[in-house]
Amino acid sequence: HPAMAVHPDLQRERASATFSPELLTHILDGSAQRSQRRREIENLVLNDPDFQHEDANFLSRSERYEVAIKKSSQMVLKMREYGIADPEEIYWFKRCGAGALTDPLSLHISMFLPTLMSQCTDQQKKKWIPLAGKLEVIGTYAQTEMGHGTHLRGLETTATYDPSTQEFILNSPTVSSIKWWPGGLGKTSNHAIVLAQLYTQGQCKGLHAFIVPIRHIGTHQPLPGVTVGDIGPKFGFDETDNGFLKLDNVRIPRENMLMKYAQVEPNGTYVKPVSEKLTYGTMVFIRSIIVGESARSLSRACTIAIRYSAVRHQSELKPGEPEPQIIDYQTQQIGR
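Below you can see the structure in the form of structure tokens.
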């Protein structure tokens, strides 16, 4: 926080830098104007008493989830109040607002909404985007199964078209076909974009995406044929409710298939997309985001280690002399 005092050792190290830290900040942000805007958004959070961070280390997993979902809801309301709509500005606000907690709504924002935007027809967008934007529909992205994840052809969940009712019948035919691990599925979401093998007119047409209601919007109870829940404790990401999903003859309208590229006509005729790869573009996109997040996590780790090395003093080299900063030890410099 800008108001916090800076340790004199850190001040001295920064003053001796052979480059301009502010110029480097502008380069990393993209421009001086973007640095200024990022700081403006971060200050909205830092000066807001609603975002004073609790020490999550003393909270149980359930308490961490409750705090995170409350904070996530607050962030949505605050961003509406401040008119923050640009994706990068949303990221800046959420990164600062969430603190050390992960966001239970992260998949709704990073995967569910982008998939609707990129794979819905214009007519589908008119229905789903307003609902998802107002969080009446809260979604997740259910691709990974107990048996397969990145091997898309191996996914076993099926969506069989019934032309007599113009519905798809979603099924998890095996234990290994149960959706496993999607974030937000365990407790938060009431809808899921489900990746399933499409069957129509007796033929498998490969993997396609379907919007599947999984919980009642009013009561949040699982819908008929839906078995859904939280997978339990994990190593990290305690606030994110990674979940499981089993579907038993769950029927959805034909219009719930995302049909911007591939379509199933009312009589069951399949219209092939220009490229089959368009179906799983969201997962490719999110994995590129993970690479960026990994870099940011590494940068935070390096920042913590270097700052600690600058302020930590250890051992007299000569009796009576001040203990040197550990950043000056060769072994510390090699280690970092």
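Per the numbering used here, the very first residue in the sequence shown carries number 40; after that it's consecutive.
Even glycine gets a Cβ: it sits at the ideal position worked out from N, Cα and C.
Owing to the predicted nature of the structure, the values given are computational and were not obtained by experimental measurement.
Cα atoms of N82 and F132: separation of roughly 9 angstroms, rounded to the nearest angstrom.
Check the Cα spacing between N210 and each of G223, A107, L237: the tightest is with L237. For T342, the number of other beta carbons within 10 angstroms of its own is below 16, and it is reported as exposed. Counting only runs of at least 4 residues, the stretch 126-197 fully encloses the following alpha helix (DSSP H) elements, listed from N- to C-terminal order: 126-137, 152-158, 161-172.
Under DSSP, the beta-bridge partners assigned to G268 are F283.
Between L224 and V267, the gap from beta carbon to beta carbon is short of 8 angstroms.
Taking each of T321, R100, G331, C243 in turn and checking the Cα distance to T189, the smallest one comes out for T321. Under the three-state reduction of DSSP output, M114 falls in the helix class. Rounded to whole angstroms, the gap between the alpha carbons of I328 and L356 is 46 angstroms. Judged by DSSP in its simplified three-state form, A248 adopts strand. With a threshold of 16 other beta carbon atoms within 10 Å, G282 meets it and is buried.
Under the three-state reduction of DSSP output, M296 falls in the strand class.
In this structure, DSSP gives Y104 a helical state, which the three-state scheme calls helix.
Excluding sequence positions up to five before and after L170, its CB lies within less than 8 angstroms of the CB of V176, all in the same chain and listed in chain order. Here S215 is near M185, since their CB atoms are less than 8 angstroms apart.
The beta carbons of A248 and P221 sit no closer together than 8 angstroms.
In the DSSP assignment, N210 falls within the unbroken beta strand (DSSP E) covering 206-210.
The C-alpha of Q353 lies about 36 angstroms from the C-alpha of S74.
Across the structure, G307 and Q242 are spaced so that their CA atoms are roughly 11 angstroms apart. According to DSSP, W220 shares a beta bridge with no other residue.
Taking the C-beta atoms as reference points, T179 is found no nearer than 8 angstroms to F207. Three or more Cβ pairs closer than 8 angstroms define a contact, and the stretch 269-284 meets that threshold against the stretch 100-109.
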